[in-house]
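Using this note's numbering, read the sequence shown as starting at 1 and increasing by one per residue. Cβ atoms here follow ideal geometry from the backbone N, Cα and C, with glycine treated the same way. As the structure is a prediction and not an experimental result, all values here were calculated from the model. See below for the structure under consideration.
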Amino acid sequence: MKEEKHFEAESKQLLDLMINSIYSEQEIFLRELLSNASDAIDKYRYLSLQNPDAFPSESHQIRIDRDKKERTITITDNGIGMSLEDLEKNLGTIAKSGSKEFLEKFEEAKKKDDMAIIGQFGVGFYSAFMVADSVEVLSKPIDGDAHLFQSEGKDTYSVEDAEAPFAHGTSIKIHLKKDEGDRHYGDYLEDYRIEGLVKKYSDYIRYPIVMEVEKVSDDDKHTDKKETELKTLNSMIPLWKKNPSEVKEEELKEFYKGKFGDYEEPLFASNVHVEGLYSYQALLFIPSHVPYDFYSESYEQGLSLYSRGIFIQDHYKELIPNYLRFVKGLVDSDDFPLNVSREMLQKTPEMAKIAKNIESKVIAELKKAKKNETEKYEKFFGMFGDHIKYGIYSTYGMKKDDLQDLLLFHHLGDDKLIDLETYVKDLDKKKPIYFASGKTLSEIKLLPQLEKYKKEGTDVLLLDKNIDEFCLMSMMEYKEHPFKDVSSESEEVSKEKKKELEDLSVKYRRLLDNLKESLTGKVDDVVFSSKLVDSPVCLSTKEGLSMNAERVLKEEPGEGKEGIKSTKVLEINPDHALFTSLASIEDDEQAKSLGSVLYDEAMLLQGYEIEDKAGFVAKINELMVKAMKK
Ligand code: ADP
Numbered sequence: 001m002k003e004e005k006h007f008e009a010e011s012k013q014l015l016d017l018m019i020n021s022i023y024s025e026q027e028i029f030l031r032e033l034l035s036n037a038s039d040a041i042d043k044y045r046y047l048s049l050q051n052p053d054a055f056p057s058e059s060h061q062i063r064i065d066r067d068k069k070e071r072t073i074t075i076t077d078n079g080i081g082m083s084l085e086d087l088e089k090n091l092g093t094i095a096k097s098g099s100k101e102f103l104e105k106f107e108e109a110k111k112k113d114d115m116a117i118i119g120q121f122g123v124g125f126y127s128a129f130m131v132a133d134s135v136e137v138l139s140k141p142i143d144g145d146a147h148l149f150q151s152e153g154k155d156t157y158s159v160e161d162a163e164a165p166f167a168h169g170t171s172i173k174i175h176l177k178k179d180e181g182d183r184h185y186g187d188y189l190e191d192y193r194i195e196g197l198v199k200k201y202s203d204y205i206r207y208p209i210v211m212e213v214e215k216v217s218d219d220d221k222h223t224d225k226k227e228t229e230l231k232t233l234n235s236m237i238p239l240w241k242k243n244p245s246e247v248k249e250e251e252l253k254e255f256y257k258g259k260f261g262d263y264e265e266p267l268f269a270s271n272v273h274v275e276g277l278y279s280y281q282a283l284l285f286i287p288s289h290v291p292y293d294f295y296s297e298s299y300e301q302g303l304s305l306y307s308r309g310i311f312i313q314d315h316y317k318e319l320i321p322n323y324l325r326f327v328k329g330l331v332d333s334d335d336f337p338l339n340v341s342r343e344m345l346q347k348t349p350e351m352a353k354i355a356k357n358i359e360s361k362v363i364a365e366l367k368k369a370k371k372n373e374t375e376k377y378e379k380f381f382g383m384f385g386d387h388i389k390y391g392i393y394s395t396y397g398m399k400k401d402d403l404q405d406l407l408l409f410h411h412l413g414d415d416k417l418i419d420l421e422t423y424v425k426d427l428d429k430k431k432p433i434y435f436a437s438g439k440t441l442s443e444i445k446l447l448p449q450l451e452k453y454k455k456e457g458t459d460v461l462l463l464d465k466n467i468d469e470f471c472l473m474s475m476m477e478y479k480e481h482p483f484k485d486v487s488s489e490s491e492e493v494s495k496e497k498k499k500e501l502e503d504l505s506v507k508y509r510r511l512l513d514n515l516k517e518s519l520t521g522k523v524d525d526v527v528f529s530s531k532l533v534d535s536p537v538c539l540s541t542k543e544g545l546s547m548n549a550e551r552v553l554k555e556e557p558g559e560g561k562e563g564i565k566s567t568k569v570l571e572i573n574p575d576h577a578l579f580t581s582l583a584s585i586e587d588d589e590q591a592k593s594l595g596s597v598l599y600d601e602a603m604l605l606q607g608y609e610i611e612d613k614a615g616f617v618a619k620i621n622e623l624m625v626k627a628m629k630k
């Protein structure tokens, strides 16, 4: 029985866009359908290895048939096939989450007339509607009946029972649109066009893609009747099985775009062949933009896993550590046992060994890029640098030696990024690497604690990412240079200066005590320091949590944040005019009432919110009134 059904709302929207947009890369429809066919055969082959009785082993191919009169192209595979439910689920709805993002991106892209975005979102099948005004999908799973799905890509599709001329598989027939102006959809019926597209996008597909083509022979010249032959259009050698020296960078990039459905070329591509105790081939890529769903739950990390050229699984997490989750690619090894379950495979020593090796390959490639392709590397680091830092932090510094030289930081010296090696280059042995941290670069640059370093011309790393400080803390030191927060209380001063500060605190003990008393619960101490140049006060922290770390931890989602508290010290600049006035206050109560103003001032200077804004304003007003009365 034929049933008419409505596309779900989002599919409908997508189809509208597909049909109505000028899509500059229409030709990729063929790549998308061939790659679906190849995936379907992969799935069949995998099941066949697991259960040869239910899925008898056979030879596989993808066939392209054309009917020039009817203007149809049919792509048939003997893969896993689809049941009625599969047809509706897979083709009637957008199975993937992220379709909403896609639609938004699409609107954006349309404005820029940049339609090349489609492949990225797994809307593969729908791409047929860019060239077709109707599509028929006849499909049969090995253990079920055949069904026909039909749609003009408008509001509805229909499904009905059908007979299939094959035991299992799928046949997709597309009815090409009429030619219109310079859009010659009919070209897709020509030998040269299809052969060219297969070579360009689908050459590596490991099953023969066959098509009847005109036979070129001398006899043809004399007869009208053209002879045809069944021709295999693709070379079938997976790119990663070819000798790396024979694979062009361009091919790698095209492969990436097709396999991972990205509309942009990868930033880095590498072709790895390892022979040894464990042998494997891998193609590894780093995208040149952050994947649209990278920070959502729907992002699937991991590499595609192949064994002896047979596809096993996409997004295999065990092949790449979490902190390198942005790496895309595939790994093929003869050493992966095929007769064990996916769960068992995870635990094999081969897997761990190869994963380790891949990790070090990625690190080595990044190091090379940092040295030789600075601009590209900086782009990479801007996108994924926090993940490298996370790699150091999340392993408690264990990966420090491998990863520390990949880090880049902003610094006080100039607007360029520097690495740690550059920072310590002219530094005396064991001297600290200074850093200042905060929410944004501009806020950090205004920190009162930096005044001294600016005056002396000492360089300071400026950490504006939440992970930065935690990363450095887990490293402890870099080549025997300890990291030192400019906002920590301790200060290296000359003997004379130390004595001077001590004398001052003896002399003004009472003032300091009054201030301290008025700030009970907020600061642990009030002291004089020589850190400041222009600012009257600043807040530093004692050993342990810094104010910035306190902020970051409190911003993290979760309960029980009460215990997170840095131990703060209010530091006073004895050379500031404000102090001279403070020093002359005789009245204890008056001194105490000023404590909170100084504290709030320091908080503001350092880019923090103050708790009692109304109270702060009231105090300032009171002081102004007093000043004006005088
Ligand atoms: P994607 O291939 O990115 O998942 P598509 O819209 O192209 O998105 O396909 C949706 C789903 O339909 C596929 O994931 C697959 O399960 C199923 N499918 C598509 N083509 C075939 C085919 N030739 N054989 C079997 N299943 C298919």
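Inset, instruction - Go ahead and pull the three-state DSSP assignment for Glu227. - result: coil
Inset, instruction - Take the Cβ of Gln50 as the centre, count every other Cβ of all protein chains shown within 10 Å, and call the residue buried at 16 or more, exposed below. - result: exposed
Legend entry - As assigned by DSSP and simplified to three states, the class of Met130: helix
Inset, instruction - Please confirm whether Ser437 and Ser529 have their CB atoms less than 8 Å apart. - result: no
Legend entry - Secondary structure, beta strand (DSSP E): runs of 3+ residues fully inside the region 292-362: 303-307, 310-316, 328-332
Inset, instruction - Examine the ligand ADP and report whether any of its heavy atoms sits within less than 7 Å of the Cβ of Tyr44. - result: no
Inset, instruction - Would you kindly work out how many angstroms separate the C-alpha atoms of Asp65 and Tyr46, rounded to a whole number? - result: 27 Å
Legend entry - Rounded C-alpha distance that separates Gly457 from Leu605: 21 Å
Legend entry - Pair within 8 Å by beta-carbon distance, Glu214 and Asp191: yes
Legend entry - Same chain only: Cβ atoms within 6 Å of Ile237, ignoring 5 sequence neighbours per side: none
Inset, instruction - Would you mind giving the Cβ-Cβ distance between Ile174 and Ala132, rounded to the nearest angstrom? I have them listed as a contact below 8 Å. - result: 4 Å
Legend entry - Continuous beta strand (DSSP E) stretch holding Asp67: start and end: 62-67
Inset, instruction - Rounded to whole angstroms, what's the CA-CA distance from Ile22 to Lys178? Just pull it up for me. - result: In this predicted model, Ile22 has a pLDDT of only 49, less than 50, meaning its place in the structure is not dependable enough to derive any value.
Legend entry - Asp77 to Asp262 span [Cα, whole Å]: 25 Å
Legend entry - Own chain residues within Cβ distance below 7 Å of Phe579, not counting five before or after: Pro536, Ile572, Asn573
Inset, instruction - Could you name the residues of the same chain whose beta carbon sits closer than 6 Å to that of Gln120, not counting the 5 residues immediately before and after it, in chain order? - result: Low confidence applies to Gln120: its pLDDT is 48, below 50, so where it sits in the model is not reliable, and the reading given next is rough at best. Only Gly261, Asp262, Tyr263 meet the Cβ criterion.
Inset, instruction - Return helix, strand or coil for Lys465, following the three-state DSSP convention. - result: coil
Inset, instruction - Round the Cβ separation of Asp419 and Leu407 to the nearest angstrom and send it over; I've been treating them as touching at under 8 Å. - result: 6 Å
Inset, instruction - Give the range of the alpha helix (DSSP H) segment to which Phe616 is assigned. - result: 613-629
Inset, instruction - Determine the closest residue to Val331 out of Leu239, Glu32, His411, with distance taken between C-alpha atoms. - result: Leu239
Inset, instruction - Just grab the DSSP bridge partners of Asp485 for me. - result: Phe435
Legend entry - Three-pair Cβ contact test at 8 Å for the region 389-407 versus the region 445-457: no
Legend entry - Local Cβ density within 10 Å of Ile620, reported as buried at 16 or more and exposed below that: exposed
Inset, instruction - Look at the alpha carbon of Tyr390 and the alpha carbon of Lys465, and state the distance between them as a whole number of angstroms. - result: 11 Å
Inset, instruction - Could you pull out every unbroken alpha helix (DSSP H) segment of at least 4 residues lying fully inside the region 193-278, listed in chain order? - result: 249-259
Inset, instruction - Return the residue from the list Tyr126, Ile142, Glu136, Met211 that minimises the CA-CA distance to Ile81. - result: First, the residue type needs correcting, since residue 81 is Gly and not Ile in the sequence shown. Checked all of Tyr126, Ile142, Glu136, Met211; the closest Cα to Gly81 is Ile142.
Legend entry - CB of Leu515 within 8 Å of CB of Ala618, strictly: no
Inset, instruction - Tell whether a beta-carbon distance below 8 Å holds between Ser581 and Ser540. - result: no
Inset, instruction - Identify which residue in Ser83, Ile73, Pro56, Tyr157 has its Cα closest to the Cα of Ser11. - result: Tyr157
Legend entry - Short Cβ contact (8 Å threshold) for Tyr599 with Leu623: no
Inset, instruction - Check His411 in the structure and name its three-state DSSP category. - result: strand
Legend entry - the ligand ADP heavy atom lying under 7 Å from the CB of Ala40: yes
Inset, instruction - Would you list the one or two residues that DSSP bridges to Asp525? - result: Val569
Inset, instruction - Give the range of the beta strand (DSSP E) segment to which Val159 is assigned. - result: 156-162
Legend entry - Neighbourhood of Ile610 by C-beta, 7 Å cutoff - its chain only, sequence neighbours within 5 removed: Asp600, Met603, Leu604, Phe616
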